[in-house]
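>
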Amino acid sequence: MTRKQGRGAVRSAKPGKPVKTVKADSDVPFQKNEEVTVDIVGMTHDGEGVGRASGFTLFVHGGLPGEKARVRVLKTKKQYGYAKLMELTEESPDRIKPPCDIFKECGGCQLQHYDYEAQLSWKRQHVVDNLRRIGKLQVAGEDGAEEGVIVHSAIGMDDPWRYRNKATVPIGAAGNGELVAGFYAQGTHRIIDMDDCLIQHEHNDEVLRVVKKVAHELRIQPYNEETGQGVLRHVMARTGAVSGEIMVVLVTNGKRLPRQPEWIEHLRASLPGLKSIVQNINEKNTNVIFGEETRVLWGSDVIYDELDGIRFAISARSFYQVNPVQTVALYRKAVEYAALTGSERVIDAYCGIGTISLFLARKAGQVYGVEIVPEAIEDAKRNAELNDIRNVTFEAGPAEVVMPRWRKEGVEADVIVVDPPRKGCDPALLDTILALKPERVVYVSCNPSTLARDLRVLEDGGYTTVEVTPVDMFPWTVHVESVAWLERR
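Below is the structure:
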């Protein structure tokens, strides 16, 4: 999509309710339902426009930086409030027409109204702002600083559509009794039914359409969150981007899947690339998607995919990055920052099913992967065997426990790579890294705020953050991954 595609004309203000005047000396100058004009001066981490009027901040859903808008106040607190966008009086040149028909309702994407190049710039700035505000780091080029952390431009996609290889969506019932499947409306548990998602692989869309059709024909009741009744809770579709193999996971509220043989027959007949049908059982009254028990109803327990020439076996609950094109870019950058010459010992904490470990092993002397989930470690060992990569060792357990023991056994890490969940590194792991004193640390992050927090700890412990590269793993959403390179002082 080009920067000019889909832009509408600037809308002028219409006659109607007058814009209220406010008292500048009031702590909270606006009342509920009052209409005011705001300047959108920025955007929050979750994509809300930051509006300013009379020195007061109003968060405006749908507003973009550089716009002027007439808004209606919904709620106020002492220092900020929330408002509904009523009309744009000055429109950003980066505003585009969202191509998705349900964009305004669905919570799956937040930025389809924002030009893609502008998104990449905003995501880089989002990383910079967190490094400065939370990490207290000086960023080169900001406020005239010549030295400091180099934050590169975000690595984007040539074609930022149809990139997701996995869809996990809730199943519910519409008012007419029809089954619905789709993402929740933003901030709610109201399912927005969808048949076609522009950021999903086409195979995933087909799986969702087929599952809804089969469930309807077999009269399978969807799960009801309020009553705890019903059978089908979620459906997950996985597609191998290279292999084309498909896995369908049906999450049920009980061990029994009614009319199971017919499920298998219908799914096999409708999905040519189908390799695996799996049932996951979740009987708890919880928002957590998966239960502890998983069983294969038909086919294999895994599907296969490939990243940069490395094959991976992916089971139903494996963590596997959802954007294969950008995953290769992300992991190549991590390997580049590790600066391997072929002799180094590398520890990969939070190694999951061994994806980064196997990328590193092609350049390192020996790689040690540690992960707290035993099933993931079994997958990692299988993936190493699948690719005949022998200079890797995997072990299950807490990284902060396993890594010191490895050191006692003579494993001195030259490089430590971490790829933690959104909450960031466990404090005990950061202490362990500082105690092991590797020459270099590579930090892969999916959350700029916890990245900045953890970089501050490592900086205070004797490391210098040299570079950070944002990678746009999730176009049209507010999420951004980053890779940071740190050197021991």
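When we follow numbering that gives the first Met the number 0, the leftmost residue of the sequence shown carries the number 0, and every step to the right adds one.
Just so you know, even glycine gets a beta-carbon here, dropped at the ideal spot from N, CA and C.
Computed from a predicted structure; not experimentally measured.
(1) Check E224 in the structure and name its three-state DSSP category.
(2) With distances taken Cα to Cα, identify the nearest neighbour of D300 among V213, V210, D307 and S314.
(3) Taking Cβ positions, are G227 and D304 nearer each other than 9 Å?
(4) Quick check on the burial criterion: 16 or more other C-beta atoms within 10 angstroms. Buried or exposed for V287?
(5) Among N175, V416 and G134, which residue has its Cα nearest to the Cα of R344?
(6) I need the boundaries of the alpha helix (DSSP H) containing P373, first residue and last residue.
(7) To the nearest angstrom, how far is it from the Cα of K74 to the Cα of G80?
(8) With DSSP as the reference, identify every bridge partner of L485, one or two as the case may be.
(9) If you count every other CB in all the chains shown that lies within 10 Å of the CB of P426, and 16 or more means buried, which is it?
(10) Could you tell me if R237 is buried or exposed, where buried requires 16 or more neighbouring beta carbons within 10 angstroms of its beta carbon?
(11) Would you list the one or two residues that DSSP bridges to F393?
(12) If you run the structure through DSSP and keep just helix, strand and coil, what is F358?
(13) How far does the alpha helix (DSSP H) with S493 in it extend, from its first residue to its last?
(14) So the candidates are E411, L57 and I355; which of them puts its Cα closest to the Cα of L306?
(15) Any chance you could list the beta strand (DSSP E) runs of at least 3 consecutive residues sitting entirely within the stretch 145–187, in chain order?
(16) Output the boundary residues of the beta strand (DSSP E) element that contains Y303.
(17) Quick one: measure Cβ to Cβ for V150 and L329, integer angstroms, because I've assumed they're closer than 8 Å.
(18) Classify V400: buried if its beta carbon has 16 or more other beta carbons within 10 angstroms, exposed otherwise.
(19) Rounded to the nearest angstrom, how far is the Cβ of Q199 from that of A166, given a contact under 8 Å?
(20) Under 7 Å Cβ to Cβ from I101, same chain only, skipping five residues before and after it: list those, please.
(21) Under 8 Å: do the stretch 181–189 and the stretch 97–115 share three or more Cβ pairs, one atom per stretch?
(22) Assuming L339 is part of the beta strand (DSSP E), what are its boundary residues?
(23) Using alpha carbons as the reference points, say which of G61, K76 and L84 lies closest to R69.
(24) What residues in its chain sit with their C-beta under 7 Å from that of S269, if we drop five residues either side in the sequence?
(25) If you count every other CB in all the chains shown that lies within 10 Å of the CB of S342, and 16 or more means buried, which is it?
If we stick to the structure as given:
(1) coil
(2) Looking at V213, V210, D307 and S314, the one whose alpha-carbon comes closest to that of D300 is S314.
(3) no
(4) exposed
(5) V416
(6) P373 to L385
(7) 5 Å
(8) Per DSSP, V440 and T464.
(9) Note on P426: under 16 other CB atoms within 10 angstroms of its CB, so exposed under the neighbour-count rule.
(10) buried
(11) G368
(12) Of the three classes helix, strand and coil, the one that applies to F358 here is helix, per DSSP.
(13) The structure shown does not extend to residue 493, since the chain is modelled only from 0 to 488, so the question has no answer here.
(14) I355
(15) 165–172 and 178–180
(16) V301 to L306
(17) About 16 Å separates the two Cβ atoms, so there is no contact after all.
(18) exposed
(19) 5 Å
(20) I191 and M193, listed in sequence order.
(21) The stretch 181–189 vs the stretch 97–115: in contact.
(22) Neither: L339 is in no beta strand (DSSP E) and is coded neither H nor E.
(23) When each option's Cα is compared against that of R69, the closest is L84.
(24) V209
(25) By the neighbour-count rule (16 or more Cβ atoms within 10 Å), S342 is not buried but exposed.
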